[in-house]
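So the structure is just underneath, and the comments pick up after that.
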Amino acid sequence: MKIRKMSNYATLMELLAGILVYSIPVEIIILFVTERKLFSSVGFLAGVALAVFMTIHMAIIVEESVSRGEEGALKHVRFGYIIRIVVFLIVFLGLFFLGIGDVITALFGLISLKVSAYLRPLTHKVTQKFTDKGR
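In case it helps, our numbering puts the sequence shown at residues 1158 to 1292.
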């Protein structure tokens, strides 16, 4: 199955830009507010990396599901969801049991996906002005 190049995913790029816009100020706040700066930053960046993975993975799964029949698409989407949950559990349990990052700040990093979705209309307007093309 052929998947389009990632640069063709305008919405995906806007979501990733939103994650970046959210992550930079939150990381700065974490560095000023927390006592265990490295521990908290590692957790936050793990959450952001997980959000980026989930965003890209969802885009790929949706793209692949469109070309399948109704039943095949449903199974494919469910399987993709299970993969994302397993990766989420591995990352968060790894942070918790290995003690390499703060789980709470990792949640703040993961929330960047949600914030990015809410910021998407704004990032779409900005990218539209820079590229002079709408969707």
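C-beta: ideal position from N, C-alpha, C; glycine also.
| Check | Outcome |
| --- | --- |
| Please report the Cβ distance between L1207 and L1246, rounded to the nearest whole angstrom; I am assuming they are in contact, meaning their Cβ atoms lie under 8 Å. | Contact flag wrong, Cβ pair sits at about 11 Å. |
| Grouping DSSP H, G and I as helix and E and B as strand, with all else coil, what is T1284? | helix |
| So, V1244 versus M1215, is the Cβ gap smaller than 9 Å? | no |
| Checking 9 Å against the spacing of the C-beta atoms, do L1173 and I1213 come in under that value? | yes |
| Taking just the CA atoms, how far does S1224 sit from V1260? | 38 Å |
| Can you round the beta-carbon distance between G1204 and T1280 to whole angstroms, since I take them to be within the 8 Å contact cut? | Not really, about 20 Å apart at Cβ, beyond 8 Å. |
| Return yes when the Cβ of V1272 is within less than 9 Å of the Cβ of G1200, no when it is not. | no |
| Which term fits I1242, buried or exposed, when burial requires 16 or more other beta carbons within 10 angstroms of its beta carbon? | exposed |
| Measuring only the C-alpha atoms, how far is Y1166 from E1220? | 10 Å |
| In terms of alpha-carbon separation, which member of T1284, I1257, P1278 and A1274 lies closest to S1198? | I1257 |
| Going by DSSP, what residue range makes up the alpha helix (DSSP H) through T1262? | V1260 to L1267 |
| So, helix, strand or coil for I1186, using DSSP? | helix |
| Which class does I1257 belong to by DSSP, given the choice of helix, strand or coil? | coil |
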